[in-house]
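K.L.:
Provided herewith is a single structure, encoded as structure tokens, for subsequent inquiry.
Numbering (the UniProt record's numbering), first residue to last: 1 to 383.
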């Protein structure tokens, strides 16, 4: 498999240089790699549980309700097989979690494929704004339970009181979760390989004949690593300074005598084109494009729409991502300058409204249009 990883890396480089990342040659290499990654998991209890839960969920809802598969959170790139150190893509998963809530409110069944430990629908409402986890003092009023001078409790029998606002929020979250939990399936990943293997399998599941008749969306909100180290090149144990090349994947990772570390990372194959053209042809595919340069954000989003043939791209800027976004789409045919629509969506004038609600309302409208276009195309082919 090490040779296959090197071949795949070479194919990625050539595809990026020529703009042919959706070519048959490239696709075959990626499919071979992901099939091998899947085969290494097939016999595990975790994989069998994952596939069983997902299939039963789609069987239950696919005939009568639309399904959306949302990816959320960041992927991990391990530096050892027995992982102590890793490279991480930062993402709290807030956008994906809130988006899932709004899809549920609009009647969708939601497969939420998220980074283990990232925010999930409804429970994310228990976190203070701007923080990933709440503290004890967010939950409880401790003013009467401790000595104001920092000493021991004045009365060890005194019970701290749950803050009324937090108690109310907990009740609201529990009620919301109870209302929608039957239509919410939580699945998790950690590494970039796990993410890609699971996403590919879910795309194929949603495309099976007769399973998802009401329509489906692939909503790609996860922050996916651009680089990784192939499994066959990872050292088995924790890295230490001064290790020999054969102990660190044949030189992919080099530990130098002075304690410094050199890591050679391979590019993660860009799979967006495969998702929309191979794996999930019957699903509306929506991807994200985050930029820091306001003069490049739309240009790069348009380029991504043309290159990968997704049905829509949500573009946003790092510093305004919570209040505005641009929705680019071209549902009929190959995207061209004339066919691409660009909509600016903003909640700057409505501080109490979440941007995700505006986005999901519009995406579900596009999904309805997408389903109608496919129905007309199918009727034309059979006429």
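By construction, the Cβ of each residue, glycine as well, lies at the ideal position given by its N, Cα and C atoms.
#1: Any contact of the stretch 265-284 with the stretch 212-225, i.e. 3+ C-beta pairs under 8 Å?
#2: I'd like the ranges of any alpha helix (DSSP H) spanning at least 4 consecutive residues and lying wholly in the stretch 40-120.
#3: Contact between the stretch 49-69 and the stretch 349-358 is defined here as three or more beta-carbon pairs at a separation below 8 Å; is this criterion met?
#4: Once the 5 residues before and after residue 343 are set aside, which same chain residues still bring their CB inside 6 Å of it?
#5: In the DSSP assignment, what residue or residues form a beta bridge with residue 166?
#6: Near residue 323, what residues of its chain come up, given a Cβ to Cβ distance below 7 Å and the 5 sequence neighbours on each side ignored?
#7: For residue 76, is the classification buried or exposed, using 16 other Cβ atoms within 10 angstroms of its Cβ as the cut-off for buried?
#8: Report the rounded CA-to-CA distance for residue 230 versus residue 260, giving the unit in angstroms.
#9: Among 141, 185, 122, 305, which residue has its Cα nearest to the Cα of residue 70?
#10: Looking at residue 287: is its Cβ nearer than 9 Å to the Cβ of residue 304?
#11: Quick one: what's got a C-beta closer than 8 Å to residue 107's C-beta in the same chain, skipping five residues either side?
#12: So does the stretch 74-88 actually touch the stretch 156-176, counting three or more Cβ pairs closer than 8 Å?
#13: Using CA coordinates, which residue listed in 375, 373, 377, 30 is at the minimum distance from residue 193?
#14: Cutting at 6 Å between CB atoms, please list the residues of its own chain near residue 219, excluding the five before and the five after it.
#15: Would you say the stretch 97-104 touches the stretch 175-184, given that touching needs at least three Cβ pairs under 8 Å?
#16: Identify the continuous alpha helix (DSSP H) that holds residue 326 and give its terminal residues.
#17: So, at 7 Å on beta carbons, what are the nonlocal neighbours of residue 300 in its own chain, with the 5 sequence-adjacent residues on each side left out?
#18: Residue 363 and residue 315 - do their beta-carbons sit closer together than 9 Å?
#19: Under a Cβ-count criterion, where at least 16 other Cβ atoms within 10 Å of its own Cβ denotes burial, should residue 171 be classed as buried or exposed?
#20: Could you pull the start and end residues of the alpha helix (DSSP H) that residue 136 belongs to?
P.N.:
This is what the structure holds:
#1: yes
#2: 45-61, 94-105
#3: Too few Cβ pairs lie closer than 8 Å, so no.
#4: So the qualifying residues of the chain are 327.
#5: Looking at the DSSP output, residue 166 bridges to nothing.
#6: 346, 347, 348, 355
#7: The residue in question, residue 76, is buried, as its Cβ has 16 or more Cβ neighbours within 10 Å.
#8: 21 Å
#9: 185
#10: yes
#11: 65, 66
#12: no
#13: 30
#14: 68, 70, 286
#15: yes
#16: Looking at the DSSP string, residue 326 is not in any alpha helix (DSSP H); the run it does join, the beta strand (DSSP E), is 324-329.
#17: 289, 291
#18: no
#19: Using a 10 angstroms sphere on the CB of residue 171, the tally of other CB atoms stays under 16, which defines it as exposed.
#20: 136-139
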